[in-house]
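Down below is the structure, laid out as structure tokens.
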Amino acid sequence: MKIVSIIGARPQFIKAAVVSKALEKYDDVEEILVHTGQHYDENMSKVFFDELEIRKPDYNLEVGSGSHAFQTGMMMIKIEEVLIKEKPDWVLVYGDTNSTIAGSLAAAKLHIKIAHVEAGLRSFNMLMPEEVNRILTDRISTVLFAPTKNAINLLAREGIKDNVVFSGDVMFDSILHYQNLASEKKNLADIIDLEKYYLGTIHRAENTDDKARLTSIFEAFSQLDLPIVIPLHPRTKKLIAEINYSDNVKIIDPVGYLEMILLLKNSTKVLTDSGGLQKEAYFLKKPCVTLRDETEWIETLEGNWNFIVGADKNLILEKIKVSDFGEQSDAFGSGKAGEAIARFLVQ
Ligand code: UD1
Ligand code: UDP
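To convert, count from 1 in the sequence shown and add 1394; that's the numbering used here.
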């Protein structure tokens, strides 16, 4: 059996590392790895291949940055060429990025079966490019791997009930696998010289492309009771030159996955608009405030582990103080999502 996996953005390298390792256990599976080139800086791409021991992609399409239509269109053209040449049984796509929708659309038109990892997530905000990408990908996928029961229910509400498989969340597998390795292989002192700090990330278009929101968020960061360490996405880095913030805000370059886990493990709390980091904070029992107006990961909201605060300065400063937390659920599976996905595909 031949599987073409399409990846391109930072969180997809992490998710694909889990599934690829599970697929490697099957002798009769050939996986062709296609990197669209959506992320290309060394600290947004290569560092993940090195640290997570992901093999070199068979194809790097080097599409790079651009407008949505340009980026997605270029990816589709180049992915189509690969699919025509490789003739896979399956195309495997992850999450909700432009690489995901490009891979899905190219495959659907060639009548190649599509497997969508992290299917069924919804924010109900159609202004988000990710929401458009995942709704369309789910609609044309042959098999939908849902990370949570809530995702299954959301798909059912859209009439998608067949070929939906509860797999659990591959990012939970990933953190279980790499969390000890992070402490063994990396030193916090090599990354920052702080003992107590909050960890922050910010890169979502709804925050970066709205100066009032970005200003309000950085005002809140400036007034936190502890320093906040922010490995800053290049998208945001280009915009913060025009934003005022205090010395409380410690901006560093994006870090590799192992460094990120170490930063998270040693942090007091997390402030983020990242989907992946909200969950990782939950997995490692770090309280989180989410700098968005909605979350797809509603399970993390139970027990005060995560609060939706948008870009509201006062709400950010209020919710970061919450100190009573409830039980956590096992909503994200048992850490064997990668194996479940591989097993289903090869059956
Ligand atoms: C993309 C995904 C988003 C995901 C994020 C993960 C889409 C629509 N969005 O957003 O869902 O949360 O990846 O990080 O697919 N840039 C660089 N170097 C890089 C990559 C990007 O400088 O290696 C800069 C470029 O100026 C680029 C901008 O960041 O225009 C945005 O990159 P892009 O891949 O378009 O979207 P992300 O914001 O990374
Ligand atoms: N991450 C990382 N280095 C960083 C910032 C994030 O390794 O400097 C990891 C983070 O721990 C998580 C993933 O990247 O595993 C999330 O990616 P991102 O926030 O870019 O995308 P999202 O999950 O919002 O789509």
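Even glycine gets a Cβ: it sits at the ideal position worked out from N, Cα and C. Quick caveat: nothing in here was measured; it's all calculated off a predicted structure.
If you follow the alpha helix (DSSP H) that LEU1633 is part of, which residue opens it and which one closes it? LEU1633 -> no alpha helix (DSSP H), and no H or E assigned at all.
Smallest Cα separation from HIS1597: which of PRO1648, ASN1660 and THR1542? PRO1648
Which partner residues does LYS1396 have in the DSSP bridge list? GLU1424
Are PHE1539 and GLY1729 close, meaning C-beta to C-beta below 7 Å? no
Selected residue, minimal CA-CA separation from TYR1676, among ASN1700, LEU1665, ILE1655 and GLU1690: ASN1700
Thinking C-alpha only, which one of ILE1624, HIS1433, ALA1501 and GLY1467 is nearest SER1399? ALA1501
Using three-state DSSP, classify THR1441 as helix, strand or coil. Note that residue 1441 is Val in the sequence shown, not Thr. Reduced to three states, the DSSP call for VAL1441 is helix.
Take ALA1403 and list the residues in its own chain whose beta-carbon comes closer than 7 Å to its own, dropping the five residues that flank it on each side. Same-chain partners within the cutoff: GLN1432, HIS1433, THR1491 and SER1493.
Please go through the same chain and pick out, in chain order, the residues whose beta-carbon is closer than 7 Å to the beta-carbon of ALA1614, but skip the five residues on each side of it. LYS1707, ILE1710 and LEU1711.
Determine the burial state of ASN1574: buried for a count of at least 16 other Cβ atoms within 10 Å of its Cβ, exposed for fewer. Exposed.
Compare the beta carbon distance of ASN1601 and ASP1667 with 7 Å and say whether it is the shorter of the two. yes
Please work out which residues of its chain come closer than 6 Å, Cβ to Cβ, to LEU1548, disregarding the five sequence neighbours upstream and downstream, and give them in chain order. GLY1514 and ARG1516
Taking only runs that begin and end inside the region 1469-1540, name each unbroken beta strand (DSSP E) of 3 or more residues, in chain order. 1484-1488, 1507-1511 and 1537-1540
Buried or exposed by the 16-neighbour rule on C-beta atoms within 10 Å, applied to ARG1686: buried
At least one CB of chain C closer than 7 Å to the CB of LYS1605: is that the case? The structure shown contains no chain C; it holds only a single protein chain.
Taking the straight line between their C-alpha atoms, what separation do you get for ILE1495 and ILE1645? If you take the alpha carbons of ILE1495 and ILE1645, they lie about 32 Å apart.
Is DSSP giving THR1609 helix, strand or coil here? Note: THR1609 maps to helix in three-state DSSP.
Can you tell me which of the three DSSP states ASN1738 falls into? The residue you asked about is not Asn; residue 1738 is Phe in the sequence shown. Three-state result, PHE1738: helix.
Let me check understanding here. Comparing Cα to Cα, which of ARG1607, PRO1628, SER1498 and ASN1527 lies closest to LEU1477? SER1498
Does the region 1452-1468 come close enough to the region 1421-1431 to have 3 or more Cβ pairs within less than 8 Å? yes
What did DSSP end up calling ILE1554 once you bin it into helix, strand or coil? coil
Can you tell me whether GLY1669 is helix, strand or coil according to DSSP? Of the three classes helix, strand and coil, the one that applies to GLY1669 here is helix, per DSSP.
Please classify VAL1683 as buried or exposed, where buried requires at least 16 other C-beta atoms within 10 Å of its C-beta. buried
Note down the Cα distance separating GLU1512 from ASP1563, rounded to an integer number of angstroms. 7 Å
Run the proximity test for GLY1460: is its beta-carbon closer than 6 Å to any non-hydrogen atom belonging to the ligand UDP? no
For LYS1479, count the other beta carbons within 10 Å of its own beta carbon; 16 or more makes it buried, fewer makes it exposed. Which is it? In the assembly as shown, LYS1479 is an exposed residue. Its beta-carbon has fewer than 16 other beta-carbons within 10 Å.
Could you tell me which residues DSSP puts in a beta bridge with TYR1651? Its beta-bridge partners do not exist; DSSP assigns none.
Cutoff 7 Å; reference LEU1739; Cβ partners in own chain excluding five residues on either side: ILE1397, TRP1484 and ALA1509
Quick one: Cα of LYS1440 to Cα of ASN1519, how far? 32 Å
Going by DSSP in three states, PHE1464 sits in which element: helix, strand or coil? helix
Whole-angstrom distance between GLU1447 and THR1536, CA atom to CA atom: Here the alpha carbon of THR1536 sits roughly 29 Å from the alpha carbon of GLU1447.
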